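Structure record follows, encoded as structure tokens.
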Amino acid sequence: MAALWVILAIAAVLGLFSSFRVVKQYERGVIYRFGRVSSLPKEPGPRMLVPFVDRMTKVNMQVVTLPVPSQDGITRDNVSVRVDAVLYFRVVDPIRATVDVQNYEFAMLQVAQTSLRSIIGKSELDDLLSGRERLHEGLELMLSTPATGWGVHIDRVEIKDVALPESMKRSMARQAEADRERRARIITADGELQASQKLSEAARTMDANPSALQLRLLQTVVEVAAEKNSTLVMPFPVEMLRFFDRAAARGDPPAQEAKADGSKTPATDELAAPETQSAVEAAPEEPPALDRKQTGPLQIPDPRSSEE
Numbered sequence: 001m002a003a004l005w006v007i008l009a010i011a012a013v014l015g016l017f018s019s020f021r022v023v024k025q026y027e028r029g030v031i032y033r034f035g036r037v038s039s040l041p042k043e044p045g046p047r048m049l050v051p052f053v054d055r056m057t058k059v060n061m062q063v064v065t066l067p068v069p070s071q072d073g074i075t076r077d078n079v080s081v082r083v084d085a086v087l088y089f090r091v092v093d094p095i096r097a098t099v100d101v102q103n104y105e106f107a108m109l110q111v112a113q114t115s116l117r118s119i120i121g122k123s124e125l126d127d128l129l130s131g132r133e134r135l136h137e138g139l140e141l142m143l144s145t146p147a148t149g150w151g152v153h154i155d156r157v158e159i160k161d162v163a164l165p166e167s168m169k170r171s172m173a174r175q176a177e178a179d180r181e182r183r184a185r186i187i188t189a190d191g192e193l194q195a196s197q198k199l200s201e202a203a204r205t206m207d208a209n210p211s212a213l214q215l216r217l218l219q220t221v222v223e224v225a226a227e228k229n230s231t232l233v234m235p236f237p238v239e240m241l242r243f244f245d246r247a248a249a250r251g252d253p254p255a256q257e258a259k260a261d262g263s264k265t266p267a268t269d270e271l272a273a274p275e276t277q278s279a280v281e282a283a284p285e286e287p288p289a290l291d292r293k294q295t296g297p298l299q300i301p302d303p304r305s306s307e308e
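Taken in order, the sequence shown gives residues 1 to 308; the numbers are from full-length UniProt numbering.
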């Protein structure tokens, strides 16, 4: 009899310990009594259950990070891509998360995969690469509808990576290179335009101030001499060119044109006259030429007639 009481005491102690539960701060407890939800979820702290009658399921209320496996798809502009995403969600209704769905994490994973494939087919490649904010909002909206019925709240959905075929990567690289070259040419052309405008202003300033041009020429000579070259290039005075321009504007013909035309000035004739006269005086006298029409044929005397 005593042994029976001992056995009953041990069973009571074991039952007492088995009915004692501790709910942690990030958890909520759902109690089932005879297979039915007996009350509201239990808050954190120690909880007592009716031995052999109550059963409690703990639900984690923390944010769950669920990686979505890579999904292959074809975009709206017929480009094959592979997209990775990540899902952040948390349970807001423990009873619905345990009663309405068998495994809410697995269910959320499947819905995320199908939604990701659907959003790939509705989007273009540029949207996947640069317009991800709009895609994130679309994915969150697509996942929120079934998640609400399971007592789950979607915090956010993000696309981690977009894998492109190698041929598409090469095409995009060529396009980027061409765009960079175009921008470089535009910048170079703008620089040349600004430089030409500044040079034009400098030329007008120097034309208005000849002293500034002379200073610039002297500065150029100093710079060339500083390089220790064996050949030194000296600038031609611009004033000489301006002198000839002014002379041409007054109508004074150069001496070379006068010689080419054969015209002589009076001063030139006076200087040339003595030289011509002296040249005539120095020349030897020539014998007068015989006029054959007046003298007739030349007659040679006969030596025999002289002997006679």
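Heads up, the beta-carbon is just placed ideally off N, CA and C, and yes, glycines get one too. The structure displayed is predicted, hence computed values, not measured ones.
Counting only the Cα atoms, Ser18 lies some 55 Å from Leu129. No residue range can be given for Ser123, since it is assigned to no alpha helix (DSSP H) and is classified by DSSP as neither H nor E.
The C-alpha of Tyr26 is placed about 41 Å away from the C-alpha of Thr75. Shown here, Ser80 sits in a strand according to DSSP, grouped into three states. By alpha-carbon distance to Lys58, the top candidate from Asp72, Glu43, Pro69 and Val64 is Glu43. If you ignore the 5 residues before and after Gln194, its C-beta comes within less than 6 Å of no other C-beta in its own chain. Among the bridge pairs identified by DSSP, Asn60 is matched with Glu27. Excluding sequence positions up to five before and after Ser118, its CB lies within less than 8 Å of the CB of Met142, all in the same chain and listed in chain order. Within the same chain, Phe89 come within 6 Å of Val64 by CB-CB distance, once the 5 residues on both sides are set aside.
Less than 9 Å separates the beta-carbon of Gln71 from that of Leu116.
Counting only residues of its own chain and dropping the five nearest sequence neighbours on each side, Asn78 has no CB closer than 6 Å to any other CB. Counting the other Cβ atoms within 10 Å of the Cβ of Ser200 gives fewer than 16, which makes it exposed. In the three-state scheme derived from DSSP, where H, G and I count as helix and E and B as strand, Pro210 is classed as helix.
The alpha-carbon of Met48 is positioned some 31 Å away from that of Phe106. In terms of Cβ geometry, Ile120 and Pro41 do not form a close pair [threshold 9 Å].
Less than 9 Å separates the beta-carbon of Leu87 from that of Val157.
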